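Scroll down for the structure; my scribbles are underneath it.
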Amino acid sequence: MRVDFYQLSRDPAEVALPLIAGKVVGSGERLLVVSADGEQRKRIRQALWSAGPDTFLANGEVGDGQEERQPILLSDAPQPANGAKFMAIADGQWREGSEPFARTFYLFDESTVQQARGVWRELRSREGVEHYYWKQEGGRWVQAG
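For the sequence shown, the working numbering assigns the number 1 to the initial residue and increments by one for each residue that follows.
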C-alpha cells in the first residue's frame, strides 16, 4: 500500500484533485474520492467536470446509480462501489476501507495537519506501507519526504 500525503497550503482540494484524478484515470485506473462534507463533494464534482478548457473528468456520486461504471466516484465512505484501487481523501479526515487500497492520496490543510502527522507516525510503523509527503512550491507539487 502506498499513501501520498498532500499538504494543501495554497489551493483547496477542489483544485488539487483534478490533477490527481486525471493522472489516475489516464493510467487506466479508477478513483474513489472520499469526503464527509457534501458541499465539498459538490465543488469537487464541478471541478472535475470542468477540469480543462477542452477536457472533463467524468464522475458520479454514490446514490446517483450506476456507481460501478464511474471512473471517478465520490462518496462519504471508503467503499469503492466502482472497483477503484485508488482513493483520495479530500476532507483531511483519515479513514481506511475494509480492503486496503493500492494507493491513497491523503489531502490535508492547516486545520487537519496535526491529524495528518499522527497518521504519518502510525503508518511509518506498519509493515508494507510506503508513504510520501508532497507540498506546494510555486504552484507545483514537490516531494518533500
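Even for Gly, the Cβ is constructed at its ideal location relative to N, Cα and C.
None of these values were measured; they are calculated from a predicted model.
query                                                                                                      : result
Residue(s) in a DSSP beta bridge with Lys-135                                                              : Gln-7 and Val-142
Reduced DSSP category for Leu-123 - H, G, I as helix; E, B as strand; rest coil                            : helix
As assigned by DSSP and simplified to three states, the class of Val-129                                   : coil
Which listed residue (His-131, Pro-71, Pro-80 and Val-119) has its alpha carbon closest to that of Ser-27  : Pro-71
Close beta carbons around Trp-134, own chain, < 8 angstroms, minus the five adjacent residues each side    : Asp-4, Phe-5, Tyr-6, Gln-7, Trp-141, Val-142, Gln-143 and Ala-144
Minimum length 4: unbroken alpha helix (DSSP H) runs contained in the segment 10 to 76                     : 13 to 26 and 38 to 49
Classification of Asp-228 by the beta-carbon crowding that lies within 10 angstroms, buried from 16 upward : With the chain running from 1 to 145 in the structure shown, residue 228 is simply not present.
Rounded Cβ spacing between Arg-69 and Phe-86 (contact assumed at less than 8 angstroms)                    : Actually they do not touch by this definition, with Cβ atoms about 17 angstroms apart.
Candidates Leu-57, Ser-50 and Gly-83: closest to Val-25 by CA position                                     : Leu-57
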